[in-house]
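Scroll down for the structure; my scribbles are underneath it.
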Amino acid sequence: PLPDRDRALGPSHQQDQSVYEERHLRYISPLGKGNFGSVELCRYDPLGDNTGELIAVKKLQPNKQSNLEDFQKEINTIRSLHCDYIVKYRGVCYSMGRLSMSLVMEYLPYGSLIRYLEKNRQHVNNRRMLLFASQICKGLEYLQSMRYVHRDLAARNILVASDTLVKIADFGLTKIIPFDKEYYRVTHPGESPIFWYAPESITESKFSHKSDVWSFGVVLHELFSYCEHNCNPKRLYMQEIGNDMQGLSISMHLVDILKDNWRLPAPPICPPRIYSMMTMCWGYSAEERPTFSTLGDQIETSIQD
Ligand SMILES: Cc1cnc(Nc2cc(F)c(C3CCN(C)CC3)c(F)c2)nc1Nc1ccc(F)c(N2CCCS2(=O)=O)c1
Numbered sequence: 029p030l031p032d033r034d035r036a037l038g039p040s041h042q043q044d045q046s047v048y049e050e051r052h053l054r055y056i057s058p059l060g061k062g063n064f065g066s067v068e069l070c071r072y073d074p075l076g077d078n079t080g081e082l083i084a085v086k087k088l089q090p091n092k093q094s095n096l097e098d099f100q101k102e103i104n105t106i107r108s109l110h111c112d113y114i115v116k117y118r119g120v121c122y123s124m125g126r127l128s129m130s131l132v133m134e135y136l137p138y139g140s141l142i143r144y145l146e147k148n149r150q151h152v153n154n155r156r157m158l159l160f161a162s163q164i165c166k167g168l169e170y171l172q173s174m175r176y177v178h179r180d181l182a183a184r185n186i187l188v189a190s191d192t193l194v195k196i197a198d199f200g201l202t203k204i205i206p207f208d209k210e211y212y213r214v215t216h217p218g219e220s221p222i223f224w225y226a227p228e229s230i231t232e233s234k235f236s237h238k239s240d241v242w243s244f245g246v247v248l249h250e251l252f253s254y255c256e257h258n259c260n261p262k263r264l265y266m267q268e269i270g271n272d273m274q275g276l277s278i279s280m281h282l283v284d285i286l287k288d289n290w291r292l293p294a295p296p297i298c299p300p301r302i303y304s305m306m307t308m309c310w311g312y313s314a315e316e317r318p319t320f321s322t323l324g325d326q327i328e329t330s331i332q333d
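Every number in the numbering used here is 28 more than the matching position in the sequence shown, counting from 1.
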């Protein structure tokens, strides 16, 4: 049979674990909004006695019809992923007579990693940070084994399931690398998070597992900066680029300083071995960068020490 992700998502093939009926969906509160649409906390309560499970429901922006295709791709992607370090797909919910659909996922109560670290900074030590880093690394290793490139790796897209478990959350930009290529070239970059992008992604819109490795290095930087607002990657890069913008676009300035070998500075109190791991992820050419399995081993070694 076709591998999971190659089967078309369609109402006629009831291969989804479950289709959620809108009439049993109880809206509770908003979780987040973005150009992607919105994510809401709901309770699926078919018995109507408040014993149903809490779920996170991602709805598409109603007006953006073009996104429906992307949304279907995102649903196909997340449906095909089965990994402890990736947020779990639960099913879909059709409403308005199959006119619109929502993506139903498991609900992770602690929210985004950024907010979690801001709130719990005082009792998250380096060991726990390394545990989170190794979980994200394992999630990415799994994604790579499925030939997916995430393309939007950042602490804001990592969710916290518990004090000892984080998961990769957002697959809106994830693409499958064609079987005969090493990279995916994007035609419409959209709003690119360039401060998390590898140089070749900025200059050539090329995305590969190695460009995800670059972004993982930036996530390591965010982790060991405790997602401090005043030392987030965008702020640090903009300080270095300076405000003397001679008309060059920000992304060209960014590529210039990366070519000159400037890199994000070591976060305060970051173990030297971790910072050297980040700088390896930031090898200018993709070949220089380590693989996720090498990074995973190095992180495991650091945890043992
Ligand atoms: C699939 C999923 C599962 N569980 C959860 N739990 C969750 C639990 C929470 F308390 C919160 C917050 C915590 C802070 N207070 C004020 C509001 C609720 C929260 F934001 C999330 N959220 C999920 N998705 C999600 C939600 C929201 C998002 F903005 C984004 N994204 C944004 C960038 C791309 S994104 O799609 O990753 C994904």
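We put the beta carbon where it would ideally sit given N, CA and C, even for glycine.
Item: Residues near Gly-60 by beta carbon distance below 6 Å, same chain, minus five either side; Value: Val-67
Item: Segment contact flag, the stretch 98-105 with the stretch 152-170, C-beta cutoff 8 Å, min 3 pairs; Value: no
Item: Beta bridge counterpart(s) of Lys-234 as assigned by DSSP; Value: Arg-213
Item: Buried or exposed by the 16-neighbour rule on C-beta atoms within 10 Å, applied to Phe-207; Value: exposed
Item: Neighbourhood of Lys-87 by C-beta distance below 6 Å, restricted to the same chain and skipping five residues each side; Value: Gly-65, Ser-66, Ser-130
Item: Buried versus exposed call for Leu-323 [16 or more other C-beta atoms within 10 Å across all chains shown]; Value: buried
Item: Boundaries of the alpha helix (DSSP H) in which Ile-164 is found, first to last residue; Value: 154-173
Item: Endpoints, alpha helix (DSSP H) assigned at Pro-58; Value: Note, Pro-58: premise wrong, no alpha helix (DSSP H); beta strand (DSSP E) at 53-62.
Item: The stretch 250-257 in contact with the stretch 142-160 per 3-pair CB rule at 8 Å; Value: yes
Item: Glu-256 (DSSP reduced to helix, strand or coil); Value: coil
Item: Ile-196, enclosing beta strand (DSSP E) - first and last residue; Value: 193-196
Item: contact_flag[the stretch 276-291, the stretch 103-122] where n(CB pairs < 8 Å) is 3 or more; Value: no
Item: N-terminal and C-terminal residue of the beta strand (DSSP E) that Gly-65 is part of; Value: 65-72
Item: Gly-245 versus Met-305: straight-line alpha-carbon distance, rounded; Value: 7 Å
Item: Residues near Pro-227 by beta carbon distance below 7 Å, same chain, minus five either side; Value: Val-283, Leu-286, Tyr-312
Item: Arg-301 vs Cys-309 beta-carbon contact at 7 Å; Value: no
Item: Own chain residues within Cβ distance below 6 Å of Tyr-254, not counting five before or after; Value: Leu-145, Arg-149
Item: Alpha-carbon spacing of Arg-54 relative to Ala-197, whole angstroms; Value: 22 Å
Item: Outcome for Val-200 when other beta-carbon atoms lying within 10 angstroms are tallied against a minimum of 16; Value: It is worth fixing the name first, because residue 200 is Gly in this sequence and not Val. With 16 or more other Cβ atoms within 10 Å, it is buried.
Item: Neighbour-count burial assignment, Pro-39, 16 or more Cβ in a 10 Å radius; Value: Because Pro-39 carries a pLDDT of 46, less than 50, the predicted location of this residue cannot be relied on, and no value is offered for it.
Item: Identified DSSP bridge partners for Leu-131; Value: Lys-86, Val-120
Item: Own chain partners of Leu-69 with C-beta closer than 7 Å, once the 5 adjacent residues on each side are dropped; Value: Ile-56, Ser-57, Leu-59, Leu-82, Ala-84, Tyr-135
Item: Spatially closest choice to Trp-242 from Pro-295, Ser-190, Leu-181, by CA coordinates; Value: Leu-181
Item: Those residues which DSSP pairs with Ile-114 across a bridge; Value: Ile-196
Item: Same chain, Cβ closer than 7 Å to Lys-166, neighbours up to 5 away in sequence not counted; Value: Tyr-113, Gly-324
Item: Closer than 6 Å: Gly-60 CB and nearest ligand 1 heavy atom; Value: yes
Item: Close Cβ partners of Leu-158 (< 7 Å) along its chain, the five nearest in sequence each way excluded; Value: Ile-327, Ser-330, Ile-331
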